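Counting from 33, one number per residue, gives the positions in the sequence shown under our numbering.
Idealized CB from N, CA, C, for every residue including glycine.
All values derive from a computational prediction rather than experimental measurement.
Have a look at the structure below before the remarks.
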Amino acid sequence: RTAWEASYLGIDDSNDSFSVSSSLQPNLARPVFDTLLGGEASMLIAHQNFLSGSIAVDSSTQLQAFEILRRRQYCSDGFLTFDFLIGFKHGSLDDLLRVLHASNYFQAQGPISAGTATHGFDNFEAKNDFNGLLLGIERRHHWNRWKIAYTGKVSLGSNNVDMLIDGQTITTVPGGGTSTFNGGLLAQATNIGTYSRNEFVAIPEFKFSAQRQINQCLGLQCGYNIMYWSSAVRAADAVSRRVSQFPPEAVTGTGDPKFAWTSSGFLAHGFQFGLNYQF
Numbered sequence: 033r034t035a036w037e038a039s040y041l042g043i044d045d046s047n048d049s050f051s052v053s054s055s056l057q058p059n060l061a062r063p064v065f066d067t068l069l070g071g072e073a074s075m076l077i078a079h080q081n082f083l084s085g086s087i088a089v090d091s092s093t094q095l096q097a098f099e100i101l102r103r104r105q106y107c108s109d110g111f112l113t114f115d116f117l118i119g120f121k122h123g124s125l126d127d128l129l130r131v132l133h134a135s136n137y138f139q140a141q142g143p144i145s146a147g148t149a150t151h152g153f154d155n156f157e158a159k160n161d162f163n164g165l166l167l168g169i170e171r172r173h174h175w176n177r178w179k180i181a182y183t184g185k186v187s188l189g190s191n192n193v194d195m196l197i198d199g200q201t202i203t204t205v206p207g208g209g210t211s212t213f214n215g216g217l218l219a220q221a222t223n224i225g226t227y228s229r230n231e232f233v234a235i236p237e238f239k240f241s242a243q244r245q246i247n248q249c250l251g252l253q254c255g256y257n258i259m260y261w262s263s264a265v266r267a268a269d270a271v272s273r274r275v276s277q278f279p280p281e282a283v284t285g286t287g288d289p290k291f292a293w294t295s296s297g298f299l300a301h302g303f304q305f306g307l308n309y310q311f
């Protein structure tokens, strides 16, 4: 009538990337909203007449969740069984967004001499760590050697979030040396830094499973699991397209981009296969 149960769920480094260079697209720019002009603008990365360049975007997400719980049978009539679940859940969700750009002036442009090169990046990283109480109920149907189960759980607790924002621009001028600017385009001195907060969140889950009993203790199991992490903070939540200056200009006007806390839930789901041993 009672049992202990431990489980692990993970998504190991789900990656997406995009890159383009002026060898394929001669005109490249990064779009922004210029607060001084009050409208759409862009930072030029490549131009077919005087500037070569490239842009690369990388994003990655890693999810891990571990839980240990106590299972207590509430009622059973041989065909239908109800269990109550209570335990502890820990989860971590790491999310990264990185934008890199590089430009080289192959022809002089105004005060900018030929051969001048710039390299810059914007980096946004969100780290979520959850610890909380898990409550749930499971309903199982038994007949012959088959068992069908429906499990609903909710974890209630604290989500500790760290948001890291970083950026840099390096400019090299022929015969003039190299200078480093603290800031990229969307990560500048106005929002660069590490920000932390704790927030109460709920993580509901639902699982369906079917099991074929091989012998008295061992069963072959497959199923489907879905989990929703409410108020999870993603790297893209920290990105603002509003800028009041372009690197390497000093901060001016409205002092954008600014950092503001926003959140967007995270949904994970998948299939599971395995062996179940009961005693």
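As DSSP reads the structure, residue 45 sits in no beta bridge. One thing to note: residue 191 has its Cβ within 8 Å of the Cβ of residue 233. Residue 179 holds the alpha-carbon nearest to the alpha-carbon of residue 248 among 231, 80, 303, 179. Cβ neighbours of residue 265 within its own chain (closer than 7 Å, five residues either side excluded): 158, 160, 193, 195, 295. Here the C-alpha atom of residue 96 lies approximately 49 Å from the C-alpha atom of residue 144. Of 80, 189, 78, the smallest CA-CA separation from residue 124 is found for 189. In the DSSP annotation of this structure, the continuous segment of the beta strand (DSSP E) that includes residue 203 starts and ends at 178-205.
If only complete runs of 3 or more residues are kept, the stretch 92-140 shows the beta strand (DSSP E) at 112-137, in order along the chain. Under the 10 Å beta carbon count, residue 298 is surrounded by 16 or more other beta carbons and is classified as buried.
At least 8 Å separates the beta-carbon of residue 99 from that of residue 114. In the structure shown, the three-state DSSP call for residue 66 is strand.
Below 8 Å, enough C-beta pairs join the stretch 235-249 and the stretch 169-188 to call them touching: three or more. As computed with DSSP, residue 236 is found in a beta bridge with 186.
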